[in-house]
Structure formats: structure tokens, C-alpha cells
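Peer 1:
Number of protein chains: 2
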Amino acid sequence: MARVANKLETCSSCSHHSKPIDKLTGVEIRDNFEPFEQKFDIYCRSIWDPKIKSEKTDSFFEGYYMPYARARRADGFSQKDYAFRNAAWHVNNVIRDIEKSGSFRKEKPNEIRKEGYWDYYTSHDEGWHEPYPFESKEEATRDLKKVAEYCGVGELGVCEYDQRWMYKTIFSKEGEGRKPQEIPEDIPNVIVTLEPMDQELIKTVPSALSGAATGLGYTYDGVAIITLAQYIRNMGYRAYGSLNDTSLCIPLALQAGLGEVGRNGLLINEKYGPRFRIGKIFTDMPLEINQPKKIGVREFCDGCDRCAKACPPRAIPFDAPSDHVHSESNINGVVKWTPSAEKCFRFWANQNTDCIICVRSCPYNRDFSKLLNKLWLKLAKSPLRSLALKLDDWLVDRGRLKTSWWWNPELQKTEGKSNSEMKK
Amino acid sequence: MARVANKLETCSSCSHHSKPIDKLTGVEIRDNFEPFEQKFDIYCRSIWDPKIKSEKTDSFFEGYYMPYARARRADGFSQKDYAFRNAAWHVNNVIRDIEKSGSFRKEKPNEIRKEGYWDYYTSHDEGWHEPYPFESKEEATRDLKKVAEYCGVGELGVCEYDQRWMYKTIFSKEGEGRKPQEIPEDIPNVIVTLEPMDQELIKTVPSALSGAATGLGYTYDGVAIITLAQYIRNMGYRAYGSLNDTSLCIPLALQAGLGEVGRNGLLINEKYGPRFRIGKIFTDMPLEINQPKKIGVREFCDGCDRCAKACPPRAIPFDAPSDHVHSESNINGVVKWTPSAEKCFRFWANQNTDCIICVRSCPYNRDFSKLLNKLWLKLAKSPLRSLALKLDDWLVDRGRLKTSWWWNPELQKTEGKSNSEMKK
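Chains as they are written, first to last, in this note's numbering: chain A, 271 to 694; chain B, 271 to 694.
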């Protein structure tokens, strides 16, 4: 582990894995910390680990393709719902699956890859032959943000490369399930992006339909990340883009100043709450580094348990942040709110679709472009945060919307029911 | 030509190629009408026709890939401008180029294709095994529009399949440049979609930078069309999606009620003016058919020549609509405003980027979500349309924006110049 140890700067007052930035992010690192191996990710385990893999989990994954979708009459699980959800994922799948889509991966043409997930995107054209001489990091950052906005990126932050959050090994279907991390260690910067997911669709969680919000989020996130990484390469710099994996997303997002972690284990952002997909580009483009920013989430979630109560399999902790791990799918030695990946994913497989009830039920799940929600956020940040929580309880219907009402809002009027009557 | 003749219903009062719908679209068809062969499209001719193909046109196309981009110091043609433009096209290119991206085209794995352009998209997963029993066309259309909106489609109309506008043959790089039309003749409906292009970028036309508006338009249009076509297949219906080609776009858009043709030869739409990309899906999903809609464009453009005056190569006619053709790149026997594709494309090749000065300079190039522009549209539709034109001349700066100002709006303040001083 010389490679990793080499990169982990020590902080005399705490764990030897800690760094000064942890004080700013509020992430406490213990002595037993070790970088994560992707093979223990719950989705990877569903491929190789008999403790996770079952007929139900196989069926869950197969259902993302229509011939295997188990459409039924139940609200939210009809052919319409699966048809839209599976279409929403489609472009993401085309861009992702090297096994299917082969030869345009110029950098790695003969490898089995799952790009954006296990592997960085390689569907790039050759860039410029030398780095563009930006006058300053300010200029490069301004240009990047302008291009990112046009690529559909909702929010963007930059942090320094941090070896602690890189997957120590990447999952592979072959051998022991491990292959080397491909992102070069000498990359200095990480661009972290947020791609918002649709609020209306998420009102129908859990349902096959609501999975369309996730699918579209991944599709647009992938298009944005590939386009932006191509732009950086076109400016003559290195750029390795991915979505969820290759590294842990949330600690990098914290370090890039994009928010704080909530009780549900998700990043909470001031613009989108917990409702987005994260993308990342590892690059040597010279960029201004953002600072972590406390936005009162820790204090708010200390007094709020709405996600934990709403989670049917009780996967979310009711108690304070700790370094407790539920299984090998959680990282060791990091003090935080850690949901049980096993309980969570078992519920997905049982429902036959993904679930983010913890997003639907979160008081931060709001449209913060609206003035009233901006005012609510101010309240949630203040010592009156318990009032903010009460206001959310009183005024916001966080019940599940019938998917038949999503498809045809007219029905809601004729049926004369409120959403809350549909709460599950 | 039995195949075509079979489909062309006669109208006793006019040309034997006319149909009753032409009265509603205002498109007059003459006896010498014949369906278009794609090989005569100006972009296809730039591949095989020595009258068009030159070092400059080759260099124009190559410049969409960075190693061949002729970046220089001129405003709008720097490395930054090419870097963003070429990145904007990138995902579209990945999805498009069968020569590069091979094996995931399950329907046509071994064919050279340019999907979305010469050919329909085949990167689809298997859909549902039987058509969904919609209760009515209204239900199917409502669902389609809901899904389309979430796929990023800006506007959508439906018309009946019309053999007249299908390319009689599709371009092929092999043989005589012709291969058979692949869209089945028994497809009853055509969904026509509009994908808006960015207004700010278009202020910098002509420039390499402004081509990013086109590239992003194509990329998002492609993602939307593939996703929507996959949804239709997932509902158990046939769906063949493409962008520009496989058929003429504008007559189908007219028949689908999406606008009228302007002097610049472009479709003018009430929501986006002339500023969008068109997409199409040929399908047997049962859908409500839209009616053509006159929105006063013919009368307005009769009294306006701003695009014709602004066009450097004088490719746009100053006179009334006619069936005059400039070359084999124009369709025969259709009375309309017909620009010269040869003059237009020669200017593109000379500039080393695409050009839509005719969009930038068009009085309809506005953001019609704004109240003032909605009021302007009412005026442009009324007998006071010449006042609408004068107001546009007086109040709207349609000059070219410096691309350095697009990249850094702060510069504009310090340099203290107005856009109009930059007019070319």
C-alpha cells in the first residue's frame, strides 16, 4: 500500500489518515480508515456475492429491459411506467456498455467496460496537442463554468485530488473481482457536477415510473460529463469523466463545496436539496479550488428523522453519526450517518425498481429557485430550524403521488383526492 | 416509380401531386414535382460531386475534430471557440457514426450508417412484444407529449405519413450514391419535434463558437429522439427516429402544425421563431393528427428582407416564392422561398464553420416566453405587421456579438462598446 500511504498526509492532532480539509467538511476519520474497494459496492456484490445475489436481484436488473419487465396492474408498475423508465435509461446504457457498443472506445477498445460507472469514459476524440495557455486559473474556471452550464450541468465545484476517496481497486467481473484503478495519481483536480432530477416524478416514489427521474438524471449527466471532458481535452488537458464510481462521490462533493451530508447518507445541496446525480471529471486543467461550506444540514438532520421513519426497510440510522458499518459495503473509519446498503437494496429488489423514498420525504426536497423555499432554507439554517421542520410537516404534502395522476393530472380532479390520502 | 405513384393522391383542381392538405399548408405543388434523392443534398454532394467538393469543404468537415481545427487569432475562431463547438457535437457524433461505434446497432450491425442523418437510429433495445391497448388516440397522444417533454422536446406535432416528402433514395458512399429508403411505407404517422437552440450563442454567428449552438441542438435532439423512440417501442409500437434526413423535414413540420416557412427557407415557429433543430419519429402508435396552422409568416416575410440582406453570399431570394431551383440540391416543383444551397455552403466552407446569419438577423428570432415578445408576435400577425418590422429594426440589436464578450461578459463593460458596433 505504499502507493496510497504516499498520498495520505498526516494531521498530528487526529487519525493518520486525516487531512486539514476534514475540519472544514466535518468528516471525522478514524485510525481504522481504509480506502474502499469497488467490488464491495452493493451493486457489484449483487453480481458475485451469494449473500446478495438472488433470483429477485437478477430479475430487478433484467427488468430494465422490456422483455423482462414484470409489468402488472399495480399503480406505478404498469407497462407505461416501465416503458418510460426503461427508455429514460436507454441513452445512458448505450454510452455505458462497452460489451455492447464496442469499437469507438479508442483508448480501450478491447476491454469489457461499464463506462461512467466502473470505468471512465473513453469515447473521446483526440484533443488539442498542447495545453492552452490560460492567463490565470480564474480565466480557466470562468470558461469551464460557462461551457458546463451549456452542457446542462446544474452545479459545479472543484476540489483537489484526494487519494483517500479513490477506489483502491476497480470491480471486474473476471478473476478476484479487482482490477487496478486507472485514474492517474498525478491528476491534481476533481471537477464535481450536480445534475438535477425531476421533482414531479420523484413524488411517485416508489414506482417503476419514478425510476425515470433516475434514468434521465443519469442520461443527461453522462451527456454533460462526456461533453465537458471532451471540451477540456480540446483545450489540451487531460480529462477522465465518470458518474457514480471510480471514486466515492460524496466526500469529493463536500470538499468541492457542494453541500453537506444528511441523515439519509445523501449530499444535501443548497440549490437542489438531495435531488440530483453526481458527475466527476479528474483533470489537470488549472482551476480555482472551492472551499467546503457548512449549510446547517448536520444541525437540521440531528433534529429530523423523516427519512429514517419513511424508509420501509429501516435502512437509515435514527442515532447520531458514527463509524458503525452494517456490512462490507460501507467504508471503514469514517464517522457519518451510514445507511445499510443491504437493507436498502433488498427493498429495491423486492419492489422491482429503485427507491428514493428518503429523497421524496426529505424536507430539503424543494425547488430552491422559488422565493418561499429560499426563505425556508434560511430558517432551516438558523437556530429556528425546528420551526422549519414543523412548517414542512404542516405545509408540504410528502405523500406518494399516484402514477396514474402523474400520467393524467385530470384524473386527480375527478377522483377528488389529495396526495396525502395516497401516502404509503 | 409505381411505389411512389401509388401513394400520391390526386387533387383534380391542381397538380396531380397535390393533396388537400397543401391548401392548409400553403405549399403549392407543380406538375414537375418529384421526390428528392438524398445524394443531391449539398452535404452529400460535398462528398461525391467535384462541383462542390474541394480542399476547403474537406477542411471544413475535418475541422470538427480538434487535430484539424484551424484555430487562429480572429475573434470567434480561436482554440476556445473550436474546443467548445467540437465538444458540443461530440455525443451526437458518437451516437451517429456507425463506422466508428459498431456493434450495438442490433438491427443493422454490419452496415456503414450515419444514424440520425442518412439513416434511422438502430441503437434500440427490444421493445414490448405487443401494442399497448390505448383506450383512445387522445390517451396515447397525452402520454407521448408528457414523455416527450421530459425527454427535452420543446415542441411536438403529428402529421400523417406523406410519401412525397420521403427521400426517394438514401445516400450511400458506395456505388451510384443511392440505397433504398428504409422507412416502411405502411407507417401511418410522423411525430415532428423541435429542439430549441441557444439564443445567446447565436448572437455570435458567424463564428466557430456559434456552431456550439448547432452541435448542442443536435446532441440534445438525438438524445430526445432516441429516448422517445425507445419509449414508443417499449409500448409495443414501431418507431424509426431520425434528425435531419430520411425525409424532408420542413413540409412534414408544416403538416404537423408547427409553423410556416419564412423567406430564409426555414420553418418559423410561434415558440422559437427560426431557432431550433427538427427531429422525426415514424411510427404506428395511434396518435391524434395535428392540423397545419397559418401564423402570418408568409405576409410578414413578403414585407421583410432582413435575412436576404444580411446573407453575405446572397443565397436568399429577394423576390416572391416560386418554383425556381438554383441547382439539383433544391427540390423540383414546389413553390416556395428557396435559398441557393451552393452559395450558402460555399460561404460555410470559406468561413470554416457553419453559418446561420439568417437566423440571427430574423425578426422572429426572439424568446417568445417573454410577454413583450408575445405582444410583438401578435403585432406581426396583424395588418400592422410593417410596424412590427420597424419596431424590430429600431429596438433590437441584431448585430454580431464578439465571442470574447460571450466568453467574458465583463469585457463588454470595460471596452464600453455596444453590439451594433460589431455588426459585420
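Note that the Cβ used here is the ideal one computed from N, Cα and C, for glycine as well.
Would A478(B) count as contacting chain A if we go by Cβ distances under 8 Å?
Peer 2: Here the question's residue 478(B) lines up with position 208 in the second sequence. So, not an interface residue.
Peer 1: Which of the three DSSP states is assigned to I551(B) in this structure?
Peer 2: Working through the second sequence from its first residue, we reach residue 551(B) at position 281. Residue state, collapsed to three classes: strand.
Peer 1: Excluding five sequence neighbours on each side, which residues of the same chain lie with their C-beta closer than 7 Å to the C-beta of P466(A)?
Peer 2: For the purposes of this step, residue 466(A) is taken as the residue at position 196 of the first sequence. Result list for P466(A): G424, Y542, R545 and F546, in chain order.
Peer 1: Taking 8 Å as the CB-CB cut-off, is Y402(B) touching chain A?
Peer 2: In the second sequence, residue 402(B) corresponds to position 132, counting from 1. Output row for Y402(B): interface = yes.
Peer 1: With 7 Å as the C-beta to C-beta threshold (strictly closer), list the residues of the segment 531-560 of chain B near chain A in chain order.
Peer 2: Going along the segment 531-560 of chain B in chain order, one finds no residue with a Cβ nearer than 7 Å to chain A.
Peer 1: Residues of chain A with CB under 7 Å from N678(B), in chain order?
Peer 2: The sequence position of residue 678(B) within the second sequence is 408, counting from 1. Chain A residues near N678(B): R412.
Peer 1: Hey, R668(A) and S631(A) are a contact pair by Cβ (cut 8 Å); roughly how many whole angstroms apart?
Peer 2: Along the first sequence, one-based indexing puts residue 668(A) at 398. Along the first sequence, one-based indexing puts residue 631(A) at 361. 5 Å between Cβ atoms; contact.
Peer 1: Using alpha carbons as the reference points, say which of L642(B), I627(B), W435(B) and G445(B) lies closest to V297(B).
Peer 2: Your numbering for residue 297(B) matches position 27 in the second sequence. Among L642(B), I627(B), W435(B) and G445(B), the Cα nearest to that of V297(B) belongs to W435(B).
Peer 1: By Cβ distance below 7 Å, which residues in the same chain neighbour H594(B) in space, the five residues on each side in sequence not counted?
Peer 2: If you number the second sequence from 1, residue 594(B) lands on position 324. Once the five neighbours on either side are set aside, the close Cβ partners of H594(B) are T608.
Peer 1: Can you tell me the Cα-Cα spacing of C429(B) and K672(A), whole angstroms?
Peer 2: In the second sequence, residue 429(B) corresponds to position 159, counting from 1. In the first sequence, residue 672(A) corresponds to position 402, counting from 1. C-alpha separation (whole angstroms): 32 Å.
Peer 1: Answer yes or no: does any C-beta atom of chain B fall closer than 8 Å to that of W398(A)?
Peer 2: Counting from 1 along the first sequence, the entry for residue 398(A) is found at position 128. W398(A) counts as touching chain B.
Peer 1: Figure out for me which residue from T623(B), N534(B) and E540(B) has the closest Cα to the Cα of C571(B).
Peer 2: Here the question's residue 571(B) lines up with position 301 in the second sequence. The shortest C-alpha separation from C571(B) is found at N534(B).
Peer 1: Using a beta-carbon distance below 8 Å, is D351(B) in contact with chain A?
Peer 2: Along the second sequence, read from residue 1 onward, the residue named residue 351(B) stands at position 81. Not one chain A Cβ lies under 8 Å of D351(B).
Peer 1: Determine, using beta carbons only, whether V493(B) and F354(A) come nearer to each other than 8 Å.
Peer 2: Position 223 of the second sequence, counted from the first residue, corresponds to residue 493(B). Position 84 of the first sequence, counted from the first residue, corresponds to residue 354(A). Not in contact: V493(B) and F354(A) (Cβ atoms no closer than 8 Å).
Peer 1: Assuming G397(B) and M336(A) are in contact, meaning their beta carbons sit under 8 Å apart, how far apart are those beta carbons, in whole angstroms?
Peer 2: Position 127 of the second sequence, counting from 1, holds the residue named residue 397(B). Position 66 of the first sequence, counting from 1, holds the residue named residue 336(A). That pair is a contact at about 5 Å.
Peer 1: Could you pull the start and end residues of the alpha helix (DSSP H) that N620(A) belongs to?
Peer 2: To locate residue 620(A), count along the first sequence from 1; it is residue 350. Start and end: A611 to Q621.
Peer 1: Since I believe E381(B) is in contact with H366(B) (beta carbons under 8 Å), could you give me their beta-carbon distance rounded to a whole number of angstroms?
Peer 2: Residue 366(B) sits at position 96 when you count from the first residue of the second sequence. Residue 381(B) sits at position 111 when you count from the first residue of the second sequence. For the record, residue 366(B) in the displayed sequence is Arg; it is not His. In fact, because the Cβ distance is near 14 Å, the residues do not count as touching under 8 Å.
Peer 1: For I496(A), go through chain B and note every residue whose CB falls closer than 9 Å to its CB, in chain order.
Peer 2: Stepping through the first sequence from its first residue, residue 496(A) is reached at position 226. By Cβ distance, chain B contributes A357, H360, V361 and V364.
Peer 1: Under 7 Å between beta-carbons, which chain B residues line up against L486(A)? List them in chain order, please.
Peer 2: Locating residue 486(A) in the first sequence gives position 216, where the first residue counts as 1. Going along chain B in sequence order, the residues near L486(A) (Cβ under 7 Å) are Y420.
Peer 1: So what does C725(B) bridge to, in DSSP terms?
Peer 2: Given that chain B is displayed from residue 271 to residue 694, the structure contains no residue 725(B) and the question cannot be resolved.
Peer 1: Can you tell me whether DSSP reads M505(A) as helix, strand or coil?
Peer 2: The residue labelled residue 505(A) in the question sits at position 235 within the first sequence. Three-state DSSP puts M505(A) in coil, outside helix and strand.
Peer 1: Going by DSSP, what residues sit across from M467(A) in a beta bridge?
Peer 2: Translated into the one-based positions of the first sequence, residue 467(A) becomes position 197. According to DSSP, M467(A) bridges with nothing at all.
Peer 1: I'd like to know if M505(A) contacts chain B, where contact means its C-beta is closer than 8 Å to some C-beta of that chain.
Peer 2: Residue numbering aside, residue 505(A) sits at position 235 when the first sequence is read from its first letter. So yes, M505(A) belongs to the interface.
Peer 1: Helix or strand or just coil, what does DSSP make of T439(B)?
Peer 2: Along the second sequence, read from residue 1 onward, the residue named residue 439(B) stands at position 169. Strand at T439(B).
Peer 1: May I have the straight-line CA-CA distance separating L426(A) from E455(A), to the nearest angstrom?
Peer 2: For the purposes of this step, residue 426(A) is identified with residue 156 of the first sequence, where counting begins at 1. For the purposes of this step, residue 455(A) is identified with residue 185 of the first sequence, where counting begins at 1. L426(A) and E455(A): Cα-Cα distance of roughly 22 Å.
Peer 1: Give me the DSSP bridge partner(s) of P450(B).
Peer 2: On the second sequence, residue 450(B) is found 180 positions in, with the first residue counted as 1. Bridge partners of P450(B): T439(B).
Peer 1: Any C-beta of chain B sitting closer than 8 Å to the C-beta of T489(A)?
Peer 2: What you label residue 489(A) is simply residue 219 of the first sequence in a count that begins at 1. Yes, because at least one Cβ of chain B sits closer than 8 Å to the Cβ of T489(A).
Peer 1: Mind pulling the chain B residues with CB within less than 8 Å of F347(A)?
Peer 2: Residue numbering aside, residue 347(A) sits at position 77 when the first sequence is read from its first letter. By Cβ distance, chain B contributes nothing, its closest Cβ being about 14 Å from F347(A), past 8 Å.
Peer 1: Which residues bound the alpha helix (DSSP H) around P679(B)?
Peer 2: If you number the second sequence from 1, residue 679(B) lands on position 409. Run containing P679(B): P679 to E685, per the alpha helix (DSSP H) assignment.
Peer 1: If contact means a Cβ-Cβ distance below 8 Å, which residues of the segment 443-476 of chain B contact chain A?
Peer 2: Under the 8 Å Cβ criterion, the segment 443-476 of chain B contributes D468 and L471.
Peer 1: Output needed for H399(B): all residues of its chain with C-beta closer than 8 Å, excluding positions within five of it in sequence on either side, in chain order.
Peer 2: As a working mapping, residue 399(B) is identified with position 129 in the second sequence. Excluding residues within five positions, the ones whose Cβ falls inside 8 Å are G506.
Peer 1: Here's a check: name, in chain order, each residue in its chain whose Cβ is nearer than 6 Å to the Cβ of E685(A), leaving out the five neighbours to either side.
Peer 2: The residue labelled residue 685(A) in the question sits at position 415 within the first sequence. Result list for E685(A): empty, nothing under 6 Å.
Peer 1: Using 10 angstroms around the beta-carbon of G529(B), count the other beta-carbons present and answer buried if the total reaches 16, otherwise exposed.
Peer 2: Taking the first residue of the second sequence as 1, we reach residue 529(B) at position 259. Looking at its Cβ environment, which holds 16 or more other Cβ atoms inside 10 Å, G529(B) is buried.
Peer 1: Which one or two residues does DSSP pair with E530(A) in a beta bridge?
Peer 2: One-based indexing of the first sequence puts residue 530(A) at position 260. In DSSP, E530(A) forms a bridge with I538(A).
Peer 1: Hey, out of N678(B), P582(B) and G573(B), whose CA is closest to K651(B)'s CA?
Peer 2: Along the second sequence, read from residue 1 onward, the residue named residue 651(B) stands at position 381. Residue G573(B) is the option with its Cα nearest to K651(B).
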